[in-house]
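Numbering (this note's numbering), first residue to last: 77 to 346.
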């Protein structure tokens, strides 16, 4: 992946030895490394100088168990003190962590995907979305739910599972906030396409969730604009240049306070 003058090696591996070798080679070639893994802990990933880890669910310092539901159930049993310690350690390393909260939530609670707009756009790449579309039709909920359970790995949790998963969700979102409060570099990411996660619209939903988690919409916007450029190693843009090239305003300008946001809105609308 290349973002202007910044180049990245996107790596998927569960081998620590391979990760170590890949990071060494990539850094020698002036490449940054992002990692997607299910068998390397966040602390170990940071220790090997990885630049970015995919998924805030790694912040508990454990190896993920099962799918999204299993991950949330695992988070429900995570001790707050231990998680905070891991969050501070990962934050100190300077490693960027992508959020991916929407993808976890939708996969764990498929019923919530029913209200997602533009689901039809996912059909060419995720055919099983048709079961969600069937579920939201009048009288089609039970039939769609049965077909989804039969043909995919997505299932509605039982009442007991849902209660435990919601507890885990609170722990995960709390850790995300703790990570950011500790100076951690969180990069908003929808991890789309996914079940009920439509690329483009998904990042808007992700930013909305983050703004609620922080209680600070400006911080979420900063993470998704100017801070994202900083984390990705792309040079910042001036306010004047962003206004002059307003067609890419939302991707390239850092919104740091409400006054700036209002000034940009007035400039673009003029």
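Just so it is clear, CB atoms sit at the ideal spot from N, CA and C, and this is done for glycine as well.
No experiment lies behind these values; they were computed from the predicted model shown.
(1) For residue 83, which residues from the same chain have a beta carbon less than 6 Å from its beta carbon, with the 5 sequence-adjacent residues on both sides left out?
(2) Verify whether the separation of the beta carbon atoms of residue 139 and residue 114 is less than 8 Å.
(3) With burial defined as no fewer than 16 other Cβ atoms inside 10 Å of the residue's Cβ, what is the status of residue 272: buried or exposed?
(4) By Cβ distance, which residues of its chain are closer than 8 Å to residue 194, with the 5 residues on each side in sequence left out?
(5) Please work out which residues of its chain come closer than 7 Å, Cβ to Cβ, to residue 216, disregarding the five sequence neighbours upstream and downstream, and give them in chain order.
(6) If we require 4 or more residues per run, which alpha helix (DSSP H) segments fall completely within the segment 159–184?
(7) Using a threshold of 8 Å, state whether the C-beta atoms of residue 129 and residue 173 are closer than that.
(8) Could you name the residues of the same chain whose beta carbon sits closer than 6 Å to that of residue 85, not counting the 5 residues immediately before and after it, in chain order?
(9) State the DSSP-derived secondary structure class of residue 128, mapped to helix, strand or coil.
(10) What does the alpha-carbon distance come out to for the pair residue 197 and residue 262?
(11) Please determine, among 218, 187 and 224, the residue with the shortest C-alpha to C-alpha distance to residue 202.
(12) Can you grab the Cα-Cα spacing for the pair residue 147 / residue 237, in whole Å?
(13) Over the uninterrupted beta strand (DSSP E) stretch that includes residue 261, give me the two end residues.
(14) Note the first and the last residue of the continuous beta strand (DSSP E) segment covering residue 111.
(15) When DSSP builds the beta bridges, which residues end up paired with residue 270?
Taking the structure as given:
(1) 107
(2) yes
(3) buried
(4) 274 and 277
(5) 210
(6) 177–184
(7) yes
(8) 102, 107 and 109
(9) strand
(10) 28 Å
(11) 224
(12) 12 Å
(13) 261–263
(14) 108–112
(15) 273
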